[in-house]
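Chemist: Please read through the structure below; I'll follow up with questions.
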Amino acid sequence: MKLKKQLLFVLLLAGCTASFAQQQRIKEEGKVVFKPHWFMQVQAGAAYTVGEADFSDLISPAAAINVGYKFAPALGVRVGASGWQAKGGWVTPQQTYALKYLQGNADLMLDLSSLFAKFNPSRVFNAYLFGGVGFNHAFDNDEANGLDTNAYQMEYLWQDSKNFIAGRFGLGCDLRLNDRLAINIEGNANALSDKFNSKKADNSDWQFNALVGLSIKLGKSYTKTAPVYYEPVPVTVTVEETKPAPIVEQVEPKETVVAVEAMKQSVFFALNSAVIQDDQLTKIDALVAYLNKYPNTKVGVVGYADKDTGNAKINMKLSQVRADNVAKALQSKGIAASRILIDAKGDVVQPYAEPRENRVTICITE
1 MKLKKQLLFV LLLAGCTASF AQQQRIKEEG KVVFKPHWFM QVQAGAAYTV GEADFSDLIS
61 PAAAINVGYK FAPALGVRVG ASGWQAKGGW VTPQQTYALK YLQGNADLML DLSSLFAKFN
121 PSRVFNAYLF GGVGFNHAFD NDEANGLDTN AYQMEYLWQD SKNFIAGRFG LGCDLRLNDR
181 LAINIEGNAN ALSDKFNSKK ADNSDWQFNA LVGLSIKLGK SYTKTAPVYY EPVPVTVTVE
241 ETKPAPIVEQ VEPKETVVAV EAMKQSVFFA LNSAVIQDDQ LTKIDALVAY LNKYPNTKVG
301 VVGYADKDTG NAKINMKLSQ VRADNVAKAL QSKGIAASRI LIDAKGDVVQ PYAEPRENRV
361 TICITE
């Protein structure tokens with residue numbers, strides 16, 4: 001009786017250990033999910049206003065500060081202020097002049113990296129495209145008013161200050177330093193009224209800016225979801241008390257047919273993967289033990305793929321590789337290839353209602 005109690009304790013302990021291990025098996029890893037957030041950009045650099053002078057003579061200082069909100073991985077908006085100094089050139093005699101301006105901007109931003117390569121908060125290089133409008137307030141135009149123009153009257157010459165509407169677009173990138181900070185590089189173009197530089201040319205006055213600065217995220221840009229675990233299956237252990245064998249008369253042995261209960265194992269895979277995960281190896285071991293116990297039994301190995309990802313051609317190839325890898329795992333443990341029947345269904349057949357559970361190879365003995 002003492003031996004029976006010890007055996008019962010060992011079996012219960014093994015059952016609890018198996019149940020705990022099953023509870024810890026991950027069905028789906030946690031995901032990184034985008035979180036809407038505010039951000040700020042502080043920039044400084046150089047401006048170039050198109051004019052009738054050497055390129056280097058028309059370069060002037062520029063600065064900008066922006067505050068924005070990113071409400072989707074690939075989409076955001078920002079408002080800001082930019083400006084400092086612009087320059088113009090006069091041909092006869094050759095001379096340049098400067099004016100000051102301050103411009104308020106509103107831009108729609110498109111995150112090119114997230115658009116074409118999916119959201120990844122750890123990506124080092126993130127490119128963006130933007131377009132918008134600005135309200136330009138120009139002032140301090142004294143140098144243009146004091147030009148020696150050989151008595152020629154500048155038709156668009158203005159004094160004191162003047163306001164203009166600007167159309168703008170540009171391209172930039174953020175070089176990630178950590179979750180909150182990135183080095184920002186941006187180039188933008190602004191189209192203004194022909195009157196901006198006080199000269200009549202019958203076309204828009206263009207100003208270009210090359211800026212470098214910092215991008216600062218004012219909130220966390222992502223969250224992580226918890227992993228999904230398989231539901232635990234209760235383990236029931238039954239211990240039968242040994243009874244004395246009854247005395248029976250010797251009879252002629254009869255041939256009996258023992259019904260063998262089929263085994264089914266579903267080996268799950270990660271997204272776009274055919275590698276057997278560590279937590280699925282116990283299913284391979286269970287199949288091997290079953291096939292060794294019943295040497296005349298064969299096993300059907302059928303691969304599947306999730307139809308919500310990839311395409312039919314890729315999924316057929318992926319399901320075939322999944323089935324082949326399970327078959328190779330069985331063969332590596334001594335199961336003859338002649339006992340393994342391999343098939344692949346691609347995404348044509350979906351054995352489970354949950355899409356991610358169809359990343360699977362189903363093994364059924366027969």
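Under this note's numbering, the final residue of the sequence shown carries the number 366; numbering is consecutive throughout.
A virtual CB, placed ideally from N, CA and C, is assigned to each residue, including glycine.
Computed from a predicted model, the values in this text were never measured in an experiment.
1. Assign V114 to one of three DSSP states: helix, strand, or coil.
2. Whose C-alpha, out of A98, F125, S319, is nearest the C-alpha of A53?
3. With respect to the alpha helix (DSSP H) encompassing Q277, which residues constitute its N-terminal and C-terminal limits?
4. Mapping the DSSP letters down to three states, classify S266 as helix, strand or coil.
5. Just verifying my parser: in three-state terms, what is the DSSP assignment at Q85?
6. Given this structure, state the Cα-to-Cα distance separating A373 from K307, to the nearest angstrom.
7. Looking only at C-alpha atoms, which of N358, N296, R176, Y290 sits nearest to A371?
8. For S319, which residues from the same chain have a beta carbon less than 7 Å from its beta carbon, with the 5 sequence-adjacent residues on both sides left out?
9. For Q41 and A63, which I take to be in contact (beta-carbon distance under 8 Å), what is that distance rounded to the nearest angstrom?
10. Under a three-way DSSP split, which group does D174 fall into?
11. Please classify M154: does DSSP put it in a helix, a strand, or coil?
12. In terms of alpha-carbon separation, which member of V348, I340, A286 lies closest to N366?
13. Short of 7 Å in beta carbon distance, which residues of its chain neighbour D140, apart from the five on each side in sequence? Order them along the chain.
14. Drop a sphere of 10 angstroms on the beta-carbon of E261, count the other beta-carbons inside from all chains shown, and report buried for 16 or more, exposed for fewer.
15. Would you say K200 faces chain D, with C-beta separation under 8 Å as the test?
16. Return the residue from the list N272, F39, Q85, P93 that minimises the CA-CA distance to I314.
17. Is it the case that the Cβ atoms of K217 and R180 are separated by a distance below 8 Å?
18. Are the Cβ atoms of F125 and S113 separated by less than 8 Å?
19. Contact between the region 182-197 and the region 157-171 is defined here as three or more beta-carbon pairs at a separation below 8 Å; is this criterion met?
20. Taking the alpha-carbon of L192 as reference, which of Q103, A226, V360 has the nearest alpha-carbon?
21. Can you give the Cα-Cα distance for G45 and A74, rounded to whole angstroms?
22. Helix, strand or coil for Q350 per DSSP?
23. Decide if F164 is buried, meaning its Cβ has at least 16 other Cβ atoms within 10 Å, or exposed.
24. Opposite Y48 in the DSSP bridges: which residues?
25. Of the residues G76, P36, R176, which one's Cα is nearest the Cα of S375?
26. Report all residues from its chain with a CB closer than 6 Å to the CB of F20; omit the five preceding and five following residues, and keep chain order.
27. Taking the continuous alpha helix (DSSP H) assigned at L218, which residues delimit it?
28. If I measure Cβ to Cβ from E155 and keep anything under 6 Å in the same chain, skipping five residues before and after, which residues do I get?
29. Indicate, with yes or no, if the ligand FAD has a heavy atom lying under 7 Å from the CB of K345.
30. Could you tell me the distance, in whole angstroms, from the CA atom of G219 to the CA atom of F34?
31. Under the DSSP definition of a beta bridge, which residues are partnered with R168?
32. Would you tell me roughly how many angstroms separate the C-alpha atoms of A274 and C363, rounded to the nearest one?
33. Indicate the three-state DSSP secondary structure (helix, strand or coil) for T282 in the structure shown.
34. Taking C-alpha atoms, which residue in G80, P246, Q280 lies nearest to A329?
35. Going by beta carbon distance, what residues of the same chain come within less than 6 Å of M316, once the five residues before and after it are set aside?
Modeler: In short, the structure shows the following:
1. Stepping through the sequence shown from its first residue, residue 114 is reached at position 114. Position check: residue 114 holds Ser in this sequence, whereas Val was assumed. DSSP places S114 in helix when its eight states are reduced to three.
2. As a first step, residue 53 is located in the sequence shown; it is residue number 53 there, counting from the start. Taking only the C-alpha atoms, the option nearest A53 is A98.
3. Reading the sequence shown from its first residue, position 277 is the one you call residue 277. Neither: Q277 is in no alpha helix (DSSP H) and is coded neither H nor E.
4. Position 266 of the sequence shown, counting from 1, holds the residue named residue 266. The answer is strand: DSSP assigns S266 an E or B state.
5. Mapped onto the sequence shown, residue 85 falls at position 85. In this structure, Q85 counts as strand in the three-state DSSP scheme.
6. Any answer about residue 373 is impossible in this case: the structure gives the chain only from 1 up to 366.
7. The question about residue 371 has no answer here: the residues shown for the chain are numbered 1 through 366.
8. Position 319 of the sequence shown, counting from 1, holds the residue named residue 319. In its chain, beyond the 5 residues on either side, G303, Y304, A305, A344, K345, G346 have a beta carbon closer than 7 Å to the beta carbon of S319.
9. Against the sequence shown, residue 41 aligns to sequence position 41. Against the sequence shown, residue 63 aligns to sequence position 63. Actually they are not in contact, since the Cβ atoms of Q41 and A63 sit about 11 Å apart, beyond 8 Å.
10. In the sequence shown, the residue the question calls residue 174 occupies position 174. Three-state result, D174: strand.
11. The residue labelled residue 154 in the question sits at position 154 within the sequence shown. Three-state DSSP puts M154 in coil, outside helix and strand.
12. Residue mapping note: residue 366 aligns to position 366 of the sequence shown, counting from 1. Just to set this straight, residue 366 is Glu in the shown sequence, not Asn. E366 has its Cα closest to that of I340, out of V348, I340, A286.
13. Numbered from its first residue, the sequence shown carries residue 140 at position 140. Cβ neighbours of D140 beyond the five flanking positions: L99, K100.
14. Along the sequence shown, read from residue 1 onward, the residue named residue 261 stands at position 261. With fewer than 16 other CB atoms across the displayed protein chains lying within 10 angstroms of its CB, E261 is exposed.
15. The question asks about chain D, but that chain is absent: this structure has only one protein chain.
16. On the sequence shown, residue 314 is found 314 positions in, with the first residue counted as 1. If we check each option's Cα against that of I314, N272 comes out closest.
17. The count along the sequence shown starts at 1 and reaches residue 217 at position 217. The count along the sequence shown starts at 1 and reaches residue 180 at position 180. Taking a C-beta distance under 8 Å as the contact criterion, K217 and R180 qualify as a contact pair.
18. Taking the first residue of the sequence shown as 1, we reach residue 125 at position 125. Taking the first residue of the sequence shown as 1, we reach residue 113 at position 113. For F125 and S113, yes; Cβs fall inside 8 Å.
19. Judged by Cβ distances under 8 Å, the region 182-197 makes contact with the region 157-171, as three or more pairs qualify.
20. As a working note, residue 192 is residue 192 in the sequence shown. Among Q103, A226, V360, the Cα nearest to that of L192 is on Q103.
21. Here the question's residue 45 lines up with position 45 in the sequence shown. Here the question's residue 74 lines up with position 74 in the sequence shown. If I take the Cα positions, the gap works out to 26 Å.
22. The count along the sequence shown starts at 1 and reaches residue 350 at position 350. In the structure shown, Q350 sits in coil (DSSP, three-state: anything other than H, G, I, E or B).
23. Start at 1 with the first residue of the sequence shown, and residue 164 comes out as number 164. Buried, by the Cβ-count rule.
24. For the purposes of this step, residue 48 is taken as the residue at position 48 of the sequence shown. Paired residue(s): I59, F208.
25. With the chain represented from 1 up to 366, any question about residue 375 goes unanswered, as that position is not in the structure.
26. Start at 1 with the first residue of the sequence shown, and residue 20 comes out as number 20. Confidence at F20 is low in this model, with a pLDDT of 47, below 50, so its placement is unreliable and no value can be given for it.
27. Against the sequence shown, residue 218 aligns to sequence position 218. Run containing L218: none; DSSP gives neither H nor E here.
28. For the purposes of this step, residue 155 is identified with residue 155 of the sequence shown, where counting begins at 1. When the five nearest sequence neighbours on each side are left out, the beta carbons in the same chain lying within less than 6 Å of the beta carbon of E155 are those of K200, in order along the chain.
29. With respect to the ligand FAD, the structure offers nothing, as it holds no ligand at all.
30. On the sequence shown, residue 219 is found 219 positions in, with the first residue counted as 1. On the sequence shown, residue 34 is found 34 positions in, with the first residue counted as 1. Rounded to the nearest angstrom, the two C-alpha atoms are 12 Å apart.
31. Here residue 168 refers to the residue found at position 168 of the sequence shown. When beta bridges are read from the DSSP output, R168 appears opposite G132, N190.
32. For this step, residue 274 is matched to residue 274 along the sequence shown. For this step, residue 363 is matched to residue 363 along the sequence shown. Between A274 and C363, the C-alpha separation is close to 15 Å.
33. Reading the sequence shown from its first residue, position 282 is the one you call residue 282. Secondary structure of T282 (DSSP, three-state): helix.
34. What you label residue 329 is simply residue 329 of the sequence shown in a count that begins at 1. Minimum Cα distance to A329 is reached at Q280.
35. Along the sequence shown, one-based indexing puts residue 316 at 316. Taking M316 as the centre and dropping the five residues before and after it, the same chain places the C-beta of G346 closer than 6 Å to its C-beta, in chain order.
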